[in-house]
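Here's the structure, in structure tokens; my notes come after.
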Amino acid sequence: MNLEKPSTASEIDAKIIDVLRHRVGKDERAAKPHDWYTATVLTLRDAIIDQWMESTRETYENGGKRVYYLSLEFLIGRLLRDALSNMGLTRDMEKALREHGFDLAALENIEPDAALGNGGLGRLAACFMESLASLDIPAYGYGIRYVNGMFRQRIDDGWQVELPETWLSHGNPWEFDRRESAYIIGFGGEVVANGDAVEWRPAEKVEASAIDTPVVGWRGKRVNTLRLWTAHAFDPLRLDAFNAGDHFGALAEQVRADSLVRVLYPADSTPAGQELRLRQEYFFTSASIQDIVRRHVQFHGDIRTLPDKAAIQLNDTHPAVAVAELMRLMVDVHGLEFSEAWEVTKATVGYTNHTLLPEALESWPLPLFERLLPRHMQIVYAINSRVLREARKAGLDDAAIAAISLIDEGGERRVRMANLAFTGAHSVNGVAALHTDLMKTTVFSDLHKLYPTRINNKTNGVTPRRWLQQCNPGLTSVLKDAIGPAFLDDAAKLSDLNALADDAALGERIAEVKRSNKIALAKHIKDLTGVRLDPDALFDVQIKRIHEYKRQLLNLIETVALYDQIRSHPERDWVPRVKIFGGKAASSYHNAKLIIKLANDIARRVNSDPSVGGLLKVVFVPNYNVSLAERIIPAADLSEQISTAGMEASGTGNMKFALNGALTIGTLDGANIEIKDRVGDPNIEIFGLTAQEVEDTRANGYNPREVIEGSRELQQALAAIATGVFSPDDPQRYAGLMGGIYDHDWFMVAADFDSYHTAQRNIDRRWEQQTSWRASAIRNIANVGWFSSDRTIGEYARDIWGV
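Numbered per our numbering, the sequence shown finishes at 815, counting up by one with no gaps.
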């Protein structure tokens with residue numbers, strides 16, 4: 013028996029017992045569930061390691077090109093089920109554990125969600141890493157090993173409370189400590205001439221050391237590496253200070269280092285918060301770039317050949333300082349001329365933009381940037397000089413040149429990180445067709461004029477392994493029976509379902525799976541919140557980061573209007589609905605946190621009102637994360653994708669819901685447009701203003717008060733919320749939030765309300781015709797295989813990375 017690569021249930025059983033005794037240190041009779049979980053992970057990990065090493069060895073032997081994916085977030089979720097499935101060991105592991113009285117699913121639930129991300133950006137990075145391995149593309153993911161991550165959300169009296177996420181409190185059996193991969197990260201200090209060279213002498217240094225996690229591809233063909241950085245002080249304890257009685261001051265350097273890897277997105281509303289954010293971004297970016305350059309020089313010698321062997325992809329603007337850091341290493345350490353280094357940098361780096369929101373296109377106060385990174389500031393100025401001379405030579409006017417500049421001179425001088433990433437990359441891609449078009453005409457319009465071939469589109473995708481096969485095994489089984497297993501290897505093969513869309517028997521089988529998923533979710537929500545849900549009601553779901561542009565507020569106001577109508581017209585045949593909300597609000601985002609409170613206030617009133625009976629329930633599910641999404645999405649009937657048109661870059665939740673047979677209600681925004689084109693107009697419910705209409709409405713003197721006064725349902729709903737009907741303990745709680753809709757309504761809540769309300773009643777009528785609803789659900793499943801992250805990564809590989 014080969015203990016390193018168990019292949020049968022009996023071999024796995026023997027291996028687990030051996031691991032339990034010799035590595036966990038427990039006799040099987042005394043072992044607790046968490047011991048069995050650890051032994052299960054370590055057993056599986058041993059099976060993965062050989063393939064991991066083989067994948068790495070093969071890349072070196074072939075001299076292959078690697079992809080390096082830099083992201084501040086990797087929302088990887090739980091790994092046990094994912095790795096078991098991709099290695100093809102799920103059934104054997106289930107059988108082996110059953111012999112000892114353990115259920116694999118129960119052990120999977122012991123694993124905490126890794127607190128390495130917040131929303132779609134991080135989940136996309138996780139999908140991409142899995143697809144890179146599945147497509148046999150050598151890759152490293154680089155990020156930060158956050159000790160506490162975003163935060164754990166608790167709801168107290170309807171309010172969001174932020175608590176530290178303690179996912180590492182009992183260790184992480186997936187990790188490998190790579191202490192040999194450690195790099196010095198500097199901050200501050202001065203830049204001095206050293207002969208013909210320039211030397212940066214940082215005033216402060218910390219050590220970045222690597223922690224690796226294996227990323228298993230489908231059928232185990234390749235295992236890639238997620239490398240996360242943790243920080244250490246060079247002098248973690250000043251013994252002289254400690255012995256002098258300054259016990260806290262003696263630990264100051266280690267505390268300063270720990271702060272770099274403690275929390276994802278520390279609040280940046282204060283100067284100290286801004287400094288920590290910039291420190292974090294440079295810390296992980298510098299460590300990653302140093303690691304990439306060290307590996308290249310070690311195995312390939314000449315730094316000039318870096319573009320032939322490495323493709324560095326910046327996932328959004330957070331790692332943009334990589335452009336300046338790569339230039340610094342090539343010029344200051346490897347002795348390249350600036351012009352040559354600039355060409356190598358551009359040929360190596362690609363930049364993915366994920367948002368058009370100005371606040372997300374990071375910029376840093378110039379004094380802060382120069383104080384922390386003085387050498388990089390010089391390099392940014394030198395790059396800017398080249399770019400602006402190029403723009404002037406191309407005939408661009410002063411306004412265009414000011415917009416292109418890496419330094420914003422309007423008001424407080426700031427370093428524009430998005431412009432740095434754009435100019436330092438050979439490829440700049442959007443993540444949906446509309447988003448990419450808007451990049452060319454809005455935030456990057458002048459840069460697009462200067463570099464007209466640089467912007468390209470790569471519509472996002474999701475991995476069908478996690479978001480269909482693993483989270484919805486019942487549906488996967490039905491689909492295999494209907495069209496065969498080919499879609500497991502190629503999600504595009506789901507299109508074979510189109511021929512069976514009107515098959516009533518198939519529709520009933522899929523509906524049975526959906527109802528079973530709804531029963532399971534209802535039980536979970538009852539355990540979490542105490543709210544009892546009817547699995548035969550329409551499950552109407554909006555789970556995503558809480559932000560005004562995502563318009564949870566529109567959904568809530570329409571919920572209030574529906575509540576009023578049900579009470580006013582009990583004689584009508586209302587479709588029973590369950591409104592499910594989930595998501596976190598940024599700690600300093602007042603209105604987003606107020607929206608969470610409103611959702612809970614509405615839920616408390618509606619759920620306790622006997623006059624609506626079982627016709628309407630509202631629930632806010634606390635601490636939304638990947639594992640909750642895996643429960644909720646397979647149970648959803650209706651997917652709410654209702655962002656203000658032109659503001660959502662792509663979305664990936666919309667793809668996951670459709671893949672699991674939910675219909676979408678949404679605006680023509682982000683990837684909704686492409687989903688609509690794929691599934692067909694009859695199988696999606698579109699409402700509201702287009703992106704162009706939003707822009708025109710704003711430009712033409714939009715008067716939301718006039719719109720509100722012309723809509724009886726909207727007026728009544730806003731008045732009820734504003735006057736305290738749902739907040740009797742504080743009648744003025746939502747007066748300002750509702751007043752904002754009257755006064756400016758930037759996110760077009762009032763403008764889109766009537767259209768949204770009509771669309772929701774259309775959904776009611778669709779739901780009443782269950783045969784056609786099921787056919788639409790099948791057509792959604794059949795036609796969204798294109799939104800696989802395998803297809804997206806294939807396009808990156810062909811068009812951007814050259815791998």
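By construction, the Cβ of each residue, glycine as well, lies at the ideal position given by its N, Cα and C atoms.
Worksheet item: Mapping DSSP to helix, strand and coil, what is Asn14?
Response: Indexing the sequence shown from 1 puts residue 14 at position 2. Bear in mind that a pLDDT of 37 at Asn14, under 50, signals an unreliable position, so the model cannot answer this.
Fill in: Local Cβ density within 10 Å of Met13, reported as buried at 16 or more and exposed below that
As a first step, residue 13 must be located in the sequence shown, where it is residue number 1. Residue confidence is low: Met13 scores 31 on pLDDT, short of 50, so the model does not pin down where it sits. Its coordinate-derived value is still stated next. Exposed is the call here.
Discussion item. Can you tell me which residues form a DSSP beta bridge with Ile812?
Written reply: Within the sequence shown, numbered from 1, the residue matching residue 812 stands at position 800. Per DSSP, Ile812 has no beta bridge partner at all.
Worksheet item: Does the distance from the C-beta atom of Met141 to that of Val227 stay below 8 Å?
Response: To locate residue 141, count along the sequence shown from 1; it is residue 129. To locate residue 227, count along the sequence shown from 1; it is residue 215. Their beta carbons are under 8 Å apart, which means Met141 touches Val227 by this criterion.
Practice prompt. Look at the alpha carbon of Ser181 and the alpha carbon of Asn484, and state the distance between them as a whole number of angstroms.
Written response: The residue given as residue 181 occupies position 169 in the sequence shown. The residue given as residue 484 occupies position 472 in the sequence shown. The alpha-carbon atoms of Ser181 and Asn484 are separated by roughly 30 Å.
Practice prompt. Reducing DSSP to helix, strand and coil, say where Ser655 ends up.
Written response: Reading the sequence shown from its first residue, position 643 is the one you call residue 655. In the structure shown, Ser655 sits in coil (DSSP, three-state: anything other than H, G, I, E or B).
Worksheet item: Can you check whether the CB of Leu87 is closer than 8 Å to the CB of Leu4?
Response: The structure shown has nothing for residue 4, since the chain only spans 13 to 815.
Discussion item. Excluding the 5 residues flanking Val31 on each side, which residues of the same chain have their C-beta closer than 7 Å to its C-beta?
Written reply: In the sequence shown, residue 31 corresponds to position 19, counting from 1. Cβ-Cβ distances below 7 Å link Val31 to Ala51, Leu54, Thr55 in the same chain, with the five nearest sequence neighbours on each side left out; the list follows chain order.
Item to complete: Count the other C-beta atoms from every protein chain shown that fall within 10 angstroms of the C-beta of Pro622, then say buried if there are 16 or more, exposed otherwise.
Response: Along the sequence shown, one-based indexing puts residue 622 at 610. When all chains shown are included, Pro622 counts as exposed.
Discussion item. If you measure between the beta carbons of His330 and Glu265, is that distance less than 8 Å?
Written reply: Your numbering for residue 330 matches position 318 in the sequence shown. Your numbering for residue 265 matches position 253 in the sequence shown. It is not a contact, given that the beta carbons lie outside the stated cut-off.
Practice prompt. Kindly indicate the opening and closing residues of the beta strand (DSSP E) around Arg78.
Written response: What you label residue 78 is simply residue 66 of the sequence shown in a count that begins at 1. For Arg78, the uninterrupted beta strand (DSSP E) run begins and ends at 78-82, by DSSP.
Worksheet entry | Residue burial classification, Ala534 (beta-carbon count within 10 angstroms, cutoff 16) | Locating residue 534 in the sequence shown gives position 522, where the first residue counts as 1. Buried.
Worksheet item: Under a Cβ-count criterion, where at least 16 other Cβ atoms within 10 Å of its own Cβ denotes burial, should Ser300 be classed as buried or exposed?
Response: Looking up residue 300 in the sequence shown gives position 288. Of the other Cβ atoms in all chains shown, 16 or more fall within 10 Å of the Cβ of Ser300; this residue is therefore buried.
Discussion item. I want to know whether the segment 702-718 touches the segment 798-811 - three or more CB-CB distances under 8 Å.
Written reply: No: the two stretches stay apart, fewer than three of their Cβ pairs being nearer than 8 Å.
Worksheet item: Sorted by chain position, which residues of the same chain lie with C-beta nearer than 6 Å to Tyr195's C-beta, five sequence neighbours on each side aside?
Response: Your numbering for residue 195 matches position 183 in the sequence shown. Excluding positions up to five away in sequence, the list reads Ala220, Ala299, Gln302.
Worksheet item: Where does Val572 fall in DSSP's three states?
Response: Translated into positions along the sequence shown, residue 572 becomes position 560. The answer is helix: DSSP assigns Val572 an H, G or I state.
Fill in: Cα-Cα separation between Ala711 and Val543, rounded to whole angstroms
The sequence position of residue 711 within the sequence shown is 699, counting from 1. The sequence position of residue 543 within the sequence shown is 531, counting from 1. The straight-line gap separating the alpha-carbon atoms of Ala711 and Val543 is approximately 44 Å.
Item to complete: Report the option in Trp376, Ala615, Met659 whose CA atom is closest to the CA atom of His447.
Response: Position 435 of the sequence shown, counted from the start, is the residue given in the question as residue 447. Checking every option, the nearest Cα to that of His447 belongs to Met659.
Item to complete: Measuring only between beta-carbons, confirm whether Leu749 sits less than 8 Å from chain B.
Response: Of the protein chains in the structure, only one exists, and it is not chain B.
Worksheet item: Could you give the C-beta distance for Val691 and Ala670, rounded to a whole number, given that I count them as a contact under 8 Å?
Response: Here residue 691 refers to the residue found at position 679 when the sequence shown is read from its first residue. Here residue 670 refers to the residue found at position 658 when the sequence shown is read from its first residue. Going by Cβ atoms, the distance from Val691 to Ala670 rounds to 7 Å, so yes, they are a contact pair.
Item to complete: Count the CB pairs spanning the segment 674-688 and the segment 642-651 that are closer than 8 Å, and state whether there are at least three.
Response: Enough Cβ pairs lie closer than 8 Å, so yes.
Worksheet item: Going along the chain, which residues of its own chain have a beta-carbon closer than 7 Å to the beta-carbon of Trp798, five neighbours each way excluded?
Response: Residue mapping note: residue 798 aligns to position 786 of the sequence shown, counting from 1. Ala504, Arg690, listed in sequence order.
Fill in: Runs of beta strand (DSSP E) lying entirely within the segment 620-653, each at least 3 residues, in chain order
With a minimum length of 3 residues, the unbroken runs of beta strand (DSSP E) contained wholly in the segment 620-653 fall at 628-633, 650-653.
Discussion item. If the criterion is Cβ atoms closer than 8 Å, does the pair Gln727 and Glu721 meet it?
Written reply: Within the sequence shown, the letter at position 715 stands for residue 727. Within the sequence shown, the letter at position 709 stands for residue 721. Contact flag set, yes.
Fill in: Sequence ranges, beta strand (DSSP E) only - wholly within the segment 33-82, length at least 3
Runs found: 78-82.
Worksheet item: Among Leu147, Asp493, Asp169, Arg41, which has the Cα closest to the Cα of Lys605?
Response: Here the question's residue 605 lines up with position 593 in the sequence shown. Of the listed residues, the one whose Cα sits closest to Lys605 is Asp169.
Worksheet item: Leaving out five residues before and five after Trp186 in sequence, what residues of the same chain have Cβ atoms less than 6 Å from its Cβ?
Response: By one-based count along the sequence shown, residue 186 stands at place 174. Short of 6 Å from the beta carbon of Trp186, and not among the five residues preceding or following it, lie these beta carbons of its own chain, in chain order: Leu91, Thr225.
Discussion item. If contacts are defined as beta-carbon pairs under 8 Å, then Val275 and His244 qualify, I think. What distance do you get, rounded to the angstrom?
Written reply: Taking the first residue of the sequence shown as position 1, residue 275 is located at position 263. Taking the first residue of the sequence shown as position 1, residue 244 is located at position 232. Rounded, the Cβ-Cβ distance is 17 Å, inconsistent with contact.
Discussion item. Taking the straight line between their C-alpha atoms, what separation do you get for Asn431 and Ala498?
Written reply: Indexing the sequence shown from 1 puts residue 431 at position 419. Indexing the sequence shown from 1 puts residue 498 at position 486. Asn431 and Ala498: Cα-Cα distance of roughly 44 Å.
Worksheet item: Considering Thr225, what are the terminal residues of the beta strand (DSSP E) in which it resides?
Response: Sequence index remark: in the sequence shown, residue 225 carries index 213 (1-based). Its beta strand (DSSP E) spans residues 216-228.
Worksheet entry | Buried/exposed call for Lys591, threshold 16 Cβ in 10 Å | Reading the sequence shown from its first residue, position 579 is the one you call residue 591. Answer is buried; the Cβ neighbour count reaches 16.
Discussion item. Below 8 Å, how does it come out for the segment 472-481 and the segment 131-140: are there three or more Cβ pairs, yes or no?
Written reply: With a cut-off of 8 Å, the segment 131-140 and the segment 472-481 count as touching, because enough Cβ pairs lie within range.
Discussion item. For Lys556, count the other beta carbons within 10 Å of its own beta carbon; 16 or more makes it buried, fewer makes it exposed. Which is it?
Written reply: Numbered from 1 along the sequence shown, position 544 holds the residue referred to as residue 556. By the 10 Å Cβ count, Lys556 comes out buried.
Worksheet entry | Counted within 10 angstroms of its Cβ, other Cβ atoms place Tyr154 as buried (16 or more) or exposed | Locating residue 154 in the sequence shown gives position 142, where the first residue counts as 1. Sixteen is the threshold: when 16 or more other Cβ atoms of the shown chains lie within 10 Å of the Cβ of Tyr154, as they do, the residue is buried.
Practice prompt. Below 7 Å CB to CB, which residues in the same chain sit around Asn603 once its five sequence neighbours on both sides are set aside?
Written response: Along the sequence shown, read from residue 1 onward, the residue named residue 603 stands at position 591. Once the five neighbours on either side are set aside, the close Cβ partners of Asn603 are Glu560, Leu749.
Worksheet item: Using the beta-carbon count (16 or more within 10 Å), is Gly665 buried or exposed?
Response: Looking up residue 665 in the sequence shown gives position 653. With a threshold of 16 other beta carbon atoms within 10 Å, Gly665 meets it and is buried.
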